[in-house]
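Colleague:
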Amino acid sequence: MLLAILLGFAFSLFLVFTGKFFKGRISILAAGIPLALFVYFAQFIGRISDGEVITQFHSWIPAFGVNLGFTLDGLSLLFSLMITGIGFLVFVYTSAYLKGHKYLDRFYGYLSMFMAAMLGLVLSDNLISLFVFWELTSISSFFLIGFNNTSRKSRKSALIALAITGIGGLSLLVGSIFLGSVTGTYSIAEMLTMNPEIASNPYYILIVALIFGAAFTKSAQFPFHFWLPGAMKAPTPVSTYLHSATMVKAGIYLLMRLTPVLGDHEFWNTTLIIVGAITMVYSAIHTLFRTDLKGILAYSTISALGILVFLIGQGTVDALTAAAVFIIVHALYKATLFLITGIIDYQAGTRDTTVLRGLRKVLFPVAIAGFLAALSSAGIPPTIGFIGKELTYESTFHFGNMAILLTGLIVITKILLLYAGFVAGIKPFTGTLPERFENTKMPSFLMWLPPVILALGCIVFGIFPGLIEGSLVKPMVSSMGLDGKEIHLKLFHGFNVILLLSVITIALGTVLYFTLKPTKKLEAWVAKFEKFSPQTIISNSWAFFFKFSNGWTNLFQNGYLRNYVATIMVFTIALTGYSLFTTANYAVDFNSFSTVTFYEAATSIVMLVAIGYTVFTRSRLAAVASMGIIGYSICILFVIYSAPDLAMTQFSIDTLTVILFVLVLYKLPKYLKLSDYKMRIRDGVLSLAFGTIITLLILEVLAEPVNKEVSDYYAANAYILAHGKNVVNVILVDFRGSDTMIEISVLAIAAIGVFALLKLRLKKSDQR
Amino acid sequence: MKTIILRTASTYLLPLLLMFSIFILLRGHYSPGGGFVGGLIASIAFVLHSFARGLDNTKELLKIHPGFLMPIGLALAFLAGVTPVLFFDLPFMTGLWYPDHLPVIGSLGSALFFDLGVYLVVVGVTLTIIFTITESA
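Dropping the structure here:
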C-alpha cells in the first residue's frame, strides 16, 4: 500500500525533471497510474467484503508513536476506489481539456501529488501521518486552484482556500495530539476500544471541537463554506476531482473514521446535526440565486456535504448506510455534472445558465450524461440517487422525537437540490438552440466519454444495487463500528410514507424547476446580503490583521541596524534584569575566585585600552582595528584558560571580521559624525547596562552547582566510541554531528542570502 | 595594498597556508583543529591572495566560483552521515572506522569525511560572502 501511495508522488517528482522534455505529449499515459491503482484496490473487494481488514506497518518515528500504518477496510476501500476511479476519468478528461496548455506537465504533477496524498489520507491508520497527508491535499489544492496564476482572482481564491483548510489542518494536529495523549497511542485501530474512556475524559469536548474544526473547514461546512465557491476558479477537472468528489470529502471521511472512537455522544451528535442542517439548507437555497453553472454546482456540493454531516450526526445504522450510499451517489452524479459543465464551457464558451439552451442538438452524448446525472441527483427511479434518497428519508423519519423537524429539513434540501441538478444537467440541453451556439462542435471522445461512463454508473448501480451492497456499503458500515448485516439495498420498498415523501419531493422540485428561472436580477438581489456573509466578515478581519501587522512591522523593522540592536538589548536588559532582581540571591563568593595572574591582568589592560580607543577614535578604520585587538585579547584569554580549539577559531573569525569591516568601511567617507551627543550618551548607558546585566548573569551562573554528567560522558567516551582524543572535535563531528550538519546548512543559506542581496538587481537601471 | 613584498610573499604564502589548513583539518580528531578552523584558515589564505594580487587573479586561480564548494561540502557531509544508514543498517551519523591505523592520518573514519565537508562548506561560505562584498563595495 505504501508503494501505491508513493507511486503518485514519484510520478509528480518525475514530471519535475522530465516535464519540459515531454511537453504534455504523454499526458494520456499519465492516466495509466490511477487506472493501475484502481485495479490494484479493486482486487481487494472480495477480501474486504468477507470482513477482512488489510493492514501494513512501517516504522517511522517510533519514539513518538508516529508510524506509517495503513489500514484497508470498507471505509478506506470505498474512498480509494473513488479517488483512483474518478481520478482515472479526470486524468483522461484533462488530457483533452488542457491539450497543448503550456503548463500541462505541472498540472499533472499537482494532480498526481494530490491523488497520492488523498490515498495516504484515507489509508492512514496513524493520526499524525493522516495529518501530514491532509496538509498535502490542502497544498496541492492551493496550487491547483491558483493554476491560472496570471489571474488575480484565482490567486486570491487559492490563498483563501489554503488559509481556511490550513487552519483546519492545525486544528486536526492539535486535536490528534490531545487524542494521542488521552489514549496513549496515535493508531486509530487501537483507539477503537477506548470510546467510553475518551468520552468520559475532561478533554473530550475540546478534542471533538478540534476535530470538528478540521472536518468543517475541509468539507466546507457553514460558516467556513465560502472557500469552496471561490475554489471553482480552478480548471474544471480540478473542481470535479478535488472540490466535489474527493478532497472535500476528507472531512466527511475523518468524521466517519472517528465515529467509533468519538461518536455516540450527545455533543458529537447534536453539533453535527445542527451544523449539517444549517449548511445543507443554507447552501441549497443559495443555488436558486446562481446563474453560473459552476456556482450552482459549488453550492449544491456544499449542500450535499451538509447532508453527509447531518447523517453522520444521527449516527444510527440507517443514517450511516444512507451516508455511505449517498457518498457513492454524489460522487457519480456531481462529477458527471462538473465534467459536462467543463465541456459546455470549453465548446460553447459560456457557463451562464440564462443563455444556455438546446445544446442537445450539438452535444448529444453529453446531453444524455447530463440527463442521467440530473435524474440521479433528483432521486428519480431507477437511478441510484433514488435509493440514496429513500435511505436518507428512512433514517431521518425514524430518528426519535426530532423526526418531523429533521425530515422536513431534508425534504426541503432535496427539493432545492433537485432544482439545482435539473438546471445544471437538463436546462442547457433542452429548448431551442440559439443561433450563437449553432457552430458548437463535439469535443474529443476523451472528454465526453468520462461523464457518460459516470452517468451510466448512476443507472447501473440503481438497477442492480446488489453490485455495491455487499462489496462496498456493508463493509463500510461495519468499519464504522456498526453491524451492517441487515442492510439491504433495493429500489422499491413498498408503498409507505417514505415513498410518499419521495413523490412529494420530485413533484415540488419539478414544479420549482418549471416556475423559477435563474436570472441575473435574482443574483444581483442576493448579492446585497453579501456584507453579512461569513466570507465578508472573515476577509474584513483579515484586512484589519494585515493593516495591524503592517504597522507593527514598520514600527520595529525600521531599517536602522542600530535601532534593532538597541531594541534587542533593551528587551534583554528589562527581562533578564527583572528576573535577576526578583529571584537571584547575589551570593557571589569572591574567595572562590582564583588569583589574577600577570597574563590575565596584562590582557585585560590591553582590552580596556582598546575599548577606550574604539569608542573615542575619530577614524572608522582605527575603530575596526582596535575592535580586532579586543577580539584577539579574548582569544588570548581562551588560550590561558586552555581552550585552544575555541581560541583558534576565534582568531580566524576575528581576522575575517576585521577584513569584512575594512572591505565595507574602506569605501565610505573618512569620518562622518552620524550621532549627536545625546544619542551617544544614550547608547553608552545602554551598553553599560547590558554589560552589567551579562556580568551579573555570569556570576549567578557560576554560583550555581554545575552538573557535569554530560561533559564527563563526552570526555570519557570520546576515544572509546569515536576514536578521537580531541573532545571538542569529536562532539562536533560525531556526538552532535547532526547539529553540525544543520549548522553548515544554515551557513550555506546565509551565504546564498548575502550573495542574492548584493547581486540581485531588481531595478533595470542597476543592472550592469 | 599591492606592495611588491606582499605580492611576492603571497605566492609562497598561499600554498603554505593551504597546506597548514589541511594539516589542521586532519589533526582535528586528536589535537586542537578540525574542519571549521581549517576552513577558516584556507579562506584567509585566499583572501590574503586576493588582497595582494587582486580579486580577479584569485578567482582565476580558483577556477570555479567558491559558492559551488558549499553544495559539494554539504553533500559530502550528508553522505558521510547517511552511509551507515544505507550500507550498514545503522542509525544516521554513526561513526564508521577503518580498522587499521594509517600513517600520518591515524584512524580513518566517516567523521573525517564529515569534517572535510564542513571544511569545504566553510571555505565556500566565507569566500562567497567576502568576494561578493568586495565586488559590490
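Chains X and A are the protein sequences, given in the same order. Residue numbers for the first sequence, in the working numbering: 525 to 1292. Residue numbers for the second sequence, in the working numbering: 53 to 189. Idealized CB from N, CA, C, for every residue including glycine.
Could you tell me the distance, in whole angstroms, from the CA atom of I934(X) to the CA atom of A801(X)?
Modeller: 8 Å
Colleague: Using a Cβ-Cβ distance cut-off of 9 Å, determine whether I1276(X) contacts chain A.
Modeller: Yes, contact with chain A.
Colleague: Taking all protein chains shown into account, decide if M926(X) is buried (16 or more other Cβ within 10 angstroms of its Cβ) or exposed.
Modeller: Flag for M926(X) reads exposed.
Colleague: So R79(A) and G85(A) are supposed to be a Cβ contact under 8 Å. How far apart are they, rounded?
Modeller: Indeed, because the Cβ distance is near 5 Å, the residues count as touching under 8 Å.
Colleague: Between the region 1173–1192 of chain X and chain A, which residues of the former have a C-beta closer than 8 Å to a C-beta of the latter?
Modeller: T1173, S1176, I1177, T1179, L1180, I1183, L1184, L1187, V1188, Y1190, K1191
Colleague: Write down the C-beta distance between A808(X) and G775(X) rounded to the nearest angstrom, noting that I regard them as a contact closer than 8 Å.
Modeller: Their Cβ separation, rounded to whole angstroms, is 19 Å, which puts A808(X) and G775(X) out of contact at 8 Å.
Colleague: Short of 8 Å Cβ to Cβ, which residues in the region 1248–1264 of chain X face chain A?
Modeller: Answer set for the region 1248–1264 of chain X: G1248, K1249, N1250, V1252, N1253, V1254, L1256, V1257, D1258, G1261, S1262, T1264.
Colleague: Starting from L1036(X), trace the alpha helix (DSSP H) in both directions and tell me its first and last residue.
Modeller: 1021–1039
Colleague: Cutting at 7 Å between CB atoms, please list the residues of its own chain near L730(X), excluding the five before and the five after it.
Modeller: F702
Colleague: By DSSP, does L1145(X) sit in helix, in strand, or in coil?
Modeller: helix
Colleague: Using only alpha-carbon positions, find the residue among Y823(X), D869(X), K965(X) that is nearest to L941(X).
Modeller: Y823(X)
Colleague: Could you tell me whether the region 961–976 of chain X touches the region 888–901 of chain X, using the rule of 3 or more Cβ pairs below 8 Å?
Modeller: yes
Colleague: Taking just the CA atoms, how far does N725(X) sit from L628(X)?
Modeller: 51 Å
Colleague: Counting only beta-carbon separations shorter than 9 Å, does S1269(X) have a partner in chain A?
Modeller: Put simply, the CB of S1269(X) is near chain A, with a gap under 9 Å to one of its CB atoms.
Colleague: Please report how far the alpha carbon of F533(X) lies from the alpha carbon of F581(X), in whole angstroms.
Modeller: Put simply, the backbone Cα of F533(X) is about 19 Å away from that of F581(X).
Colleague: Which residues in chain X have a C-beta closer than 9 Å to the C-beta of L92(A)? List them in chain order.
Modeller: M1172, T1173, F1175, S1176, I1177, T1179, L1180
Colleague: Hey, T1179(X) and I96(A) are a contact pair by Cβ (cut 8 Å); roughly how many whole angstroms apart?
Modeller: 6 Å
Colleague: Since F594(X) and L647(X) should fall inside the 8 Å C-beta cutoff, what is the C-beta to C-beta distance between them, to a whole number of angstroms?
Modeller: 4 Å
Colleague: Which class does T579(X) belong to by DSSP, given the choice of helix, strand or coil?
Modeller: strand
Colleague: Cα-Cα, which of V805(X), I1028(X), F666(X) is closest to H767(X)?
Modeller: F666(X)
Colleague: In terms of residues, what are the limits of the beta strand (DSSP E) holding F165(A)?
Modeller: Annotation: F165(A) is outside any beta strand (DSSP E); the continuous alpha helix (DSSP H) that includes it extends over 162–188.
Colleague: Can you name, in chain order, every residue of its own chain whose Cβ lies under 6 Å from the Cβ of F888(X), other than the five neighbours on each side?
Modeller: none
Colleague: Would you mind telling me which residues of chain A sit closer than 7 Å to P1168(X), beta carbon to beta carbon, in chain order?
Modeller: P84
Colleague: Pairing CB atoms from the region 838–855 of chain X with CB atoms from the region 989–1005 of chain X, are three or more of them under 8 Å?
Modeller: yes
Colleague: By alpha-carbon positions, which one of L92(A), R59(A), T60(A) ends up nearest to L1170(X)?
Modeller: L92(A)
Colleague: Thinking I669(X) and S681(X) are a contact (beta carbons under 8 Å), I'd like their distance in whole angstroms, please.
Modeller: 6 Å
Colleague: Nearest to G708(X) by alpha carbon, out of I722(X), L599(X), L697(X), L696(X)?
Modeller: Measuring C-alpha to C-alpha distances from G708(X) to each of I722(X), L599(X), L697(X), L696(X) identifies I722(X) as the nearest.
Colleague: Within 10 angstroms of its Cβ, does I852(X) collect 16 or more other Cβ (buried), or is it exposed?
Modeller: buried
Colleague: Tell me, to the nearest whole angstrom, how far the beta carbon of G176(A) is from that of G119(A); I am working on the premise that it is less than 8 Å.
Modeller: Rounded, the Cβ-Cβ distance is 6 Å, consistent with contact.
Colleague: Is there contact between the region 751–760 of chain X and the region 705–719 of chain X, where contact requires at least three CB pairs shorter than 8 Å?
Modeller: no
Colleague: Measure the alpha-carbon distance for I983(X) versus L601(X) and round it to whole angstroms.
Modeller: 22 Å
Colleague: Would you identify the three-state DSSP class for T595(X), choosing helix, strand or coil?
Modeller: T595(X): strand per DSSP, three-state reduction.
Colleague: Measuring alpha carbon to alpha carbon, tell me which of S919(X), I864(X), D597(X) ends up nearest R781(X).
Modeller: Among S919(X), I864(X), D597(X), the Cα nearest to that of R781(X) belongs to D597(X).
Colleague: Have a look at V1251(X), Q1174(X), M1151(X) and flag the residue whose alpha-carbon is nearest the alpha-carbon of L1161(X).
Modeller: Q1174(X)
Colleague: Only counting the same chain, and skipping five residues up and downstream in sequence, which positions put a Cβ closer than 7 Å to that of A744(X)?
Modeller: Answer for A744(X): W751, L752, V772, I826, L829, listed in chain order.
Colleague: Buried or exposed for F1080(X), please, with buried defined as at least 16 other CB atoms from any protein chain shown within 10 angstroms of its CB.
Modeller: exposed
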